[in-house]
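Right, one structure below, let's go through it.
There are 2 protein chains.
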Amino acid sequence: MIYLDNAATTLLKPPAVGQAILRALQTLGNTARGAHGYSTEAAGTVYDTREKLADLFNCTRPDHVVFTSNATQSLNMAICGVLSKGDHVISTDLEHNSVLRPLYRLQCEQGVEVDFVPADKRGNLDYNDFERLIRPDTKAMICTHASNLTGNMTDIRHIADIAHDKGILMIVDASQTAGTKRIDMQEQGIDILCFTGHKGLMGPQGTGGMCIREGVMIRPFYVGGTGVQTYSQAQPDRLPTRLEAGTLNGHGIAGLSAALDHIGEVGPENIERKEAQLTQRFYNGVKDIGSVTVYGDMSRDHAAIVALNIGDTDSGEVADELYEEYGIAVRAGAHCAPRLHRALGTQEQGAVRFSFSLFNTEDEVDRALYAIESIAKGI
Amino acid sequence: MIYLDNAATTLLKPPAVGQAILRALQTLGNTARGAHGYSTEAAGTVYDTREKLADLFNCTRPDHVVFTSNATQSLNMAICGVLSKGDHVISTDLEHNSVLRPLYRLQCEQGVEVDFVPADKRGNLDYNDFERLIRPDTKAMICTHASNLTGNMTDIRHIADIAHDKGILMIVDASQTAGTKRIDMQEQGIDILCFTGHKGLMGPQGTGGMCIREGVMIRPFYVGGTGVQTYSQAQPDRLPTRLEAGTLNGHGIAGLSAALDHIGEVGPENIERKEAQLTQRFYNGVKDIGSVTVYGDMSRDHAAIVALNIGDTDSGEVADELYEEYGIAVRAGAHCAPRLHRALGTQEQGAVRFSFSLFNTEDEVDRALYAIESIAKGI
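Just so you know, the sequences run in chain order A and B. Residue numbering for the first sequence follows our numbering, beginning at 1 and increasing consecutively. Residue numbering for the second sequence follows our numbering, beginning at 380 and increasing consecutively.
In C-alpha cells, the structure reads:
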C-alpha cells in the first residue's frame, strides 16, 4: 500500500511519536492543575514543546506559542479574535474553507468586509492586488503559505511587507508547510502563524497551534478553567493562558514534541530537499503523459503536492481506481478549496491530489507514475 | 507514588488505550478526507466511538455525538451556540469556570442575563430555586452533574423536569461523572450533555464531546473544512459535521474507544461501586480526625471526590507536604470553582481535594489516611 495523501494527514510518523505518547499516558497529569510531580511533568512537557516550536518558527517568545487541536481552530481563533464589526480584510482565492468559512461568517454576522486576491488559471496570485485592495479600514491580510490543492507557495515576506507598510496584520495559514518548508516569523513578517501538528510536523492528530508576535492582541475564543486567577470573571490576559482554556492535549503534545525532535535530528532542510526531489520526480513523470493535466505552477516554490486530472474523467473515479487496482491512496474531489477550483476551472471534475512526505520513496513515486500511465492509456 | 488527583485527569488508563493509539498511529488517515482505506478506517473508528458513547449515555442518535477536544470546548459550544442576545439562563454556584466564564462573557458582551442557584454551606442546592428563578425569557438551565470541588451530585432529572415544564433546555456538565456515574439522557431529560474523555472515561487528553438530543439546535462555534459540501459558504447543517470543523483527533478517539471498551468489560456499575467504596472508606477515615473539615454533603449521591482542610493550614501547604513527605498527589487551591468556594467560606484557604479512580486501591486510601492523620497531629 502506498500512501500519497500526506497533505490530509501524514500517515507515517516517526516511531518516537508513539513511544512518547505511551510514556505520557503513564506519567502525565493535568498540565496546569496542581503542583505534584505528574502535573509538573505535564507542564514541563508542554513548555518544552512550546520552546521547540518557537525555535522552529523563530517566534520570539515560547509563551506566545498557543496550543489548539488543529489548524482550523487556530484560524478561527485568529480570524475571530482579531477582526471586529466594520473591519476590512484581504484574503485570497487559494484559501481552504478553514479560512473562507470563518470569513464568510464574519461577513454575514458582523458586517466584516472581505476582498479576495484572485488566482489565475495556474493558481498564481498577483501581489499587486494586495496593495490595490487595501482600504483605510483594512485590519488584516490572511494568506496560506501554500495551496492545499495545487501546492503553489506564496511569497509571505512580500505580502507582509505590503501589509506592514500600512499597519495591517499578517496572518498565515501554514497547514501545508509547517515542518516541511522554512518558516521564520521574524524574517517573513508573520504576525500570527497558524499550524497543525498532524501534517508536516508529523505529530498526532488533535494537536496544532498558533505563534503570535509580541504585541498582537487576540480576543479569547473559548474561555474557562485556567488553573490561575480562578476568581477573575474573565479569562486571564496573559498568553498562552488567554487563548487556552481547559485541559490541554498533553498526551498529543508529548507526541508532537517527539516529532519535533525527529525533525531536528533529520534537519528541516533535508526534509524539504527530500520532499522536493520526490515531488519533482513525480511531476517530471506525469507532465508528459498524454491526457494528464497538472494544475498549479511547478516552476515556482512548491509544497510536496501535485494535483492533476486524466482527460475529463471524474477525479473520484481516478482516485478509486488508484486505490483499488494499484493500492495507492490519494485524495480526489474539492479539497475544501472552492474558490481555487473555480479559478482552475475544475469545479465539476475536482482534482486528484498526490502529496508526499519524508517517508515516501522514489520507488513509490515510480509505481504511482506507472499507475497513472496505465489509467491514462485505458481511458 | 499514590495518585489521588483523578478529578483533574485519570493518570492510569486501561493498557488497551495506549495500544489503540499506537495502532491508530500506523493505520489512520484523515477521518473525513478521501475514500481510501486509511481514511475509511479512520472514519470507521470515529463512528464506532460515537456509537459507544451514544450507548453509554443513551443518546438516541450516534450522529448527534459530537467530538471536541475537552469539556471546556463542549461547554463553550453549547452555551454560546444556544444562548442569544437578551436570553435569560439559570446556572448554579457549583459550576466550574468552564461554565461560569462563558456565561460571564455572554453577560458582558451580549447582554445575556444569568441567575445562579445559590449553594448552601454544605454545597447543596435548593431545587425550588430553579423554579423560582424562571422567567418568560429563560432559555436554558446549565448545571453540573457533580461538583468538581466537593463531589456533591445534583439531581439532573429533578432539574430537567422543572426546565422542560416551561420549555427550557437542560444542559449538563458531566466532566466529573461521565464514565463513573450512570447517565441516561432520556431518563434524566438531558438536552445537551457535555463531557471530557480524559477523566472518568479514562481516555487520552485531547478528547471530549457533547451528546445532543434530537431537535436541539446549536449554532456552530468554529467553522471550516468538513470534507462535504465544499462549495457551501456556510458550515453544513447536519450533525455531527455542523459542529466539527477540521481534522478530528482520530488518534485520541481511537484511544477513547478502547477506554470505552474497557468500561463496558468491567461494567459501569462495578466502576461506580468500586469508586464509591474507596470514597466512603476515605471519608469514614478522615471525618473523625480532629482538625479536619470535610466539605460537601457525604450523606447524598456523591462523585469519587472528598475535599477537606486541616485546621486553618493553607491547602497548598498540605498538598505539598502530602506529595513531598508521603508521595501522594492531590490537588489544592481554588479548583476553578470560585462561587462554591465563596459559599463554603474557603475562598482564602482553598481546599485539598482527594479524588479516586477505578485503579486506586484500599491500601492507597489507607496510606492517604495515615498521611492526613500525621499532618493533622503535626500542626
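By construction, the Cβ of each residue, glycine as well, lies at the ideal position given by its N, Cα and C atoms.
Residues that residue i contacts on chain B, provided the C-beta gap is smaller than 8 Å
i                : result
Tyr323 (chain A) : Ala414, His415 and Gly416
Leu75 (chain A)  : Gly603
Ala329 (chain A) : Gly408, Gly413, His415, Gly416, Tyr417 and Ser418
Gly252 (chain A) : Pro583, Gln584, Gly585, Asn628, His630 and Gly631
Residues that residue i contacts on chain A, provided the C-beta gap is smaller than 9 Å
i                : result
Gly432 (chain B) : Note that residue 432 (chain B) corresponds to Leu in the displayed sequence, not to Gly. Neighbours of Leu432 (chain B) on chain A: none; closest Cβ ~17 Å, over 9 Å.
Thr451 (chain B) : Tyr222, Val223, Gly224, Gly225, Ala245, Gly246 and Thr247
Alpha helix (DSSP H) segment containing residue i, residue limits
i                : result
Thr279 (chain A) : Pro268 to Val286
Thr72 (chain A)  : Ala71 to Val82
Ser374 (chain A) : Glu362 to Gly378
Cys487 (chain B) : Asn476 to Gln489
Glu696 (chain B) : Ser694 to Tyr705
Arg122 (chain A) : Neither: Arg122 (chain A) is in no alpha helix (DSSP H) and is coded neither H nor E.
Met185 (chain A) : Met185 to Gln188
Where residue i meets chain A, residues with beta-carbon distance less than 8 Å
i                : result
Asp699 (chain B) : Ala35
Ala422 (chain B) : What Ala422 (chain B) touches in chain A: nothing, since even the nearest Cβ is about 12 Å away.
Leu401 (chain B) : Gly18, Ile21 and Leu22
Cross-chain neighbours of residue i in chain B, by beta carbon under 7 Å
i                : result
Val17 (chain A)  : Leu404
Thr230 (chain A) : Asn476, Ala713, Cys715 and Pro717
Ser69 (chain A)  : Ser448, Gly585 and Asn628
Thr9 (chain A)   : Gly408, Asn409 and Thr626
Nearest residue (CA-CA) to residue i, options the options
i                : options                                   : result
Met153 (chain A) : A:Gln229, A:Asp126, A:Asp237 and A:Thr247 : A:Asp126
Asn618 (chain B) : B:Gly594, B:Met549, B:His415 and B:Asp534 : For clarity, residue 618 (chain B) is Leu in the given sequence; the question names Asn instead. When only C-alpha atoms are compared, the closest one is B:Gly594.
Gly588 (chain B) : B:Ser753, B:Ala457 and B:Leu407           : B:Ala457
Gly568 (chain B) : B:Thr586, B:Gln584, B:Gly546 and B:Thr575 : B:Gly546
Glu324 (chain A) : A:Ala368, A:Tyr222, A:Phe221 and A:Leu133 : A:Ala368
Glu696 (chain B) : B:Ala450, B:Gly729 and B:Tyr417           : B:Gly729
Thr827 (chain B) : A:Val46, A:Asp288 and A:Thr31             : The structure shown does not extend to residue 827 (chain B), since chain B is modelled only from 380 to 758, so the question has no answer here.
Glu255 (chain A) : A:Gly296, A:Ile21 and A:Arg353            : As written in the sequence, residue 255 (chain A) is Gly, which differs from the Glu given in the question. It is A:Ile21 whose Cα lies nearest to the Cα of Gly255 (chain A).
Thr759 (chain B) : A:Val99, A:Arg50, A:Asp363 and A:Leu53    : Because residue 759 (chain B) is not part of the residues shown, which for chain B are 380 to 758, the question remains open.
Asp563 (chain B) : B:Ile535, B:Glu654 and B:Lys578           : B:Ile535
Glu51 (chain A)  : A:Tyr38, A:Glu41 and A:Val65              : A:Val65
Gln176 (chain A) : A:Leu133, A:Pro338, A:Ala7 and A:Thr230   : A:Ala7
Ala371 (chain A) : A:Ser39, A:Met202 and A:Ala319            : A:Ala319
Leu193 (chain A) : A:Thr241, A:Pro338 and A:Ala140           : A:Ala140
Lys181 (chain A) : A:Asp363, A:Ser357 and A:Leu12            : A:Ser357
His335 (chain A) : A:Arg353, A:Tyr326 and A:Glu321           : A:Arg353
Lys377 (chain A) : A:Leu11, A:Asp288, A:Leu340 and A:Glu41   : A:Asp288
Pro515 (chain B) : B:Ala539, B:Ser636, B:Gly664 and B:Asp544 : B:Asp544
Partner residues on chain A for residue i, Cβ-Cβ distance less than 7 Å
i                : result
Gln614 (chain B) : Arg101
Lys392 (chain B) : Leu25
Chain-ordered neighbours of residue i on chain B, where CB pairs are closer than 9 Å
i                : result
Tyr104 (chain A) : Val602, Gln612 and Ala613
Thr196 (chain A) : Gly625 and Thr626
Gly111 (chain A) : Per Cβ cutoff of 9 Å: no residues; Gly111 (chain A) is ~16 Å from chain B at best.
Element boundaries [beta strand (DSSP E), containing residue i]
i                : result
Ala357 (chain B) : This structure cannot speak to residue 357 (chain B), because chain B is shown only from 380 to 758.
Leu737 (chain B) : No beta strand (DSSP E) contains Leu737 (chain B), which DSSP labels as neither H nor E.
Leu719 (chain B) : Leu719 (chain B) -> not in any beta strand (DSSP E); alpha helix (DSSP H) instead, spanning Pro717 to Leu723.
Asp472 (chain B) : Note, Asp472 (chain B): premise wrong, no beta strand (DSSP E); not H, not E.
Leu308 (chain A) : Ile305 to Ile310
Asp63 (chain A)  : Element bounds for Asp63 (chain A): n/a, residue is neither H nor E.
Asp494 (chain B) : Glu492 to Val496
Leu383 (chain B) : Leu383 (chain B) -> no beta strand (DSSP E), and no H or E assigned at all.
Val709 (chain B) : From DSSP, Val709 (chain B) is part of no beta strand (DSSP E); its letter is neither H nor E.
Ile192 (chain A) : Ile192 to Thr196
Residue-chain proximity (residue i, chain E), Cβ-Cβ < 8 Å
i                : result
Arg281 (chain A) : The structure shown contains no chain E; its protein chains are A and B.
**Message:** For the structure I just gave you, are there three or more beta carbon pairs, one from the segment 389-409 of chain B and one from the segment 303-312 of chain A, closer than 8 Å?
**Reply:** no
**Prompt:** Between the segment 79-96 of chain A and the segment 112-120 of chain A, do three or more beta carbon pairs fall short of 8 Å?
**Reply:** yes
**Message:** Is it the case that the segment 435-448 of chain B contacts the segment 221-238 of chain A, given that we only count it when at least three CB pairs across the two stretches are under 8 Å?
**Reply:** no
**Segments of 4+ residues assigned as alpha helix (DSSP H) that fall wholly inside the segment 9-45 of chain A** = 15-27
**Message:** Please give me, in chain order, every unbroken run of the beta strand (DSSP E) with length at least 3 that falls completely inside the segment 530-559 of chain B.
**Reply:** 548-552
**Item:** Sequence ranges, alpha helix (DSSP H) only - wholly within the segment 580-658 of chain B, length at least 4
**Value:** 629-645
**Prompt:** Below 8 Å, can you find three or more Cβ-Cβ pairs linking the segment 546-565 of chain B to the segment 704-724 of chain B?
**Reply:** no
**Prompt:** Would you call the segment 285-303 of chain A and the segment 380-387 of chain B in contact, with 3 or more CB pairs under 8 Å?
**Reply:** no
**Prompt:** Do the segment 438-452 of chain B and the segment 576-592 of chain B make contact, defined as three or more Cβ pairs closer than 8 Å?
**Reply:** yes
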